[in-house]
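With the UniProt record's numbering as the guide, the letters of the first sequence map in order to residues 1 to 260.
Comments concern the structure below.
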Amino acid sequence: MKIATFNVNGIKARYLTVADWLREDAPDVAVLQEIKSVDEAFPRDLAEDAGYEIHTHGQKGFNGVAILSKTAVEDVTRGLPGDDEDEQARYIEGTVIGDRGAVRICGLYLPNGNPAPGPKYDYKLAWMARLEVRARQLLAEEVPFLMTGDFNVIPDDRDATRPKAWEDDALGLPQTRAAWRRLVNLGLTDAFRARTPAAGHYSFWDYQGNAWDRNDGIRIDHFLLSPAVADAMRDCTIQTEMRGREKPSDHVPVWLDLDL
DNA sequence: ATGTCTAGAGCATCTAGA
């Protein structure tokens, strides 16, 4: 089972990019972030024509997540538990059944948090605490699961071309990294890092300042795997070439291949 | 550090968010 996560930065602006990608690279499951669309306006034909069923959790203007799957997705839930006041569309869960077992897929778009400090950073840290609670629940229930998406977290200095530039940024602050480690230390596996210890592999390059041409990147799109899913991992790779295509997103897809 | 991009309101060109 091949699962890809992709922050598309606007599903309407990325229509052709995503349609071609689904057809050519054909993930079994595509977990999307920043669809920037309400559910009714999601261009369903782009994925349905390629054989996917579509589950969205959108809102007007910004944010928005989706799960596209070639096989049925069961028990879809929308929104991260823990705050009834939170109206931002950043979280969706669904269960996908493979040949050898099921996996609960948690698709997320973690808050950016800038400027930090401030209310937006407080929201980010609170959101990360709620995500930790959800991970604890799934672990306690012994549900094989993975959390994937745009975490807006640079885990350590290997994950940025210029680590110093992010020290005071919401994506790289010590508190952000500590919250990430609390999550991982529950017993989850950072899939890409488990396969590739080397520095210099990124998933995001800013549109500004020729960041792509200078390879000034950061790794912020991740897969966190529960123990059973980590045991089933065959590979985890970053599809870097997508950033060099016509009209790219500022993020590229990250792929997880599971023996499921 | 930034020479950018997307969507929304609404009709020219702002604003917000990232």
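C-beta: ideal position from N, C-alpha, C; glycine also.
With distances taken between CA atoms, Ala-170 lies nearest to Pro-115 out of Asp-25, Asp-257, Pro-115.
Residue range 227–231 is occupied by the alpha helix (DSSP H) that includes Asp-231. Scanning its chain for C-beta atoms nearer than 8 Å, with the 5 sequence neighbours on each side dropped, one finds around Glu-48 the residues Ile-54, in chain order. By the beta-carbon neighbour count (other beta carbons within 10 angstroms, threshold 16), Gln-33 is buried. Between the stretch 196–210 and the stretch 132–144, the count of C-beta pairs closer than 8 Å stays below three; the two stretches do not touch. Here Ala-26 has no same chain residue with a Cβ atom under 7 Å from its own Cβ, once five neighbours each way along the sequence are excluded.
Between Glu-141 and Arg-182, the CB-CB gap reaches or exceeds 7 Å. The criterion of a C-beta distance shorter than 7 Å is not satisfied by Arg-23 and Asn-63. Of all C-beta pairs linking the stretch 165–179 to the stretch 105–121, three or more are shorter than 8 Å, placing the two stretches in contact. Looking at the DSSP output, Trp-127 bridges to nothing. In this model, Gln-175 and Asp-157 are separated by some 14 Å (Cα to Cα). Taken through DSSP and simplified to helix, strand or coil, Thr-161 comes out as coil. Measuring C-alpha to C-alpha distances from Asp-257 to each of Ala-165, Asp-206, Asn-210, Leu-146 identifies Leu-146 as the nearest. With respect to the C-alpha of Gly-79, the residue from Lys-70, Tyr-109, Asp-99 having the closest C-alpha is Tyr-109.
Counted as a single uninterrupted DSSP element, the alpha helix (DSSP H) harbouring Glu-48 occupies residues 45–48. Asn-7 is bridged by DSSP to Gln-33. Ranking Asp-83, Asp-150, Ala-126, Pro-163 by CA distance to the CA of Pro-253 puts Asp-150 first. The beta-carbon separation of Val-73 and Gly-94, rounded to 4 Å, stays under the 8 Å limit for a contact. Met-242 sits away from Ala-191, with the two beta carbons spaced by 7 Å or more. Inclusion of Ile-238 and His-201 in the CB contact set at 7 Å is warranted, their separation being smaller than that value. In the DSSP assignment, Trp-212 falls outside any beta strand (DSSP E) and carries neither an H nor an E. Beta-bridge analysis with DSSP links Trp-255 to Ala-4, Thr-237.
Cβ neighbours of His-57 within its own chain (closer than 6 Å, five residues either side excluded): Val-65, Arg-78, Ala-89, Ile-92. Of the residues assessed, Leu-125 falls on the buried side of the cut-off, its CB having 16 or more other CB atoms within 10 angstroms.
By alpha-carbon distance to Leu-16, the top candidate from Trp-255, Lys-247, Lys-36 is Lys-247.
Taken in chain order, the whole alpha helix (DSSP H) runs of length 4 or more contained in the stretch 172–200 are 174–184, 191–195.
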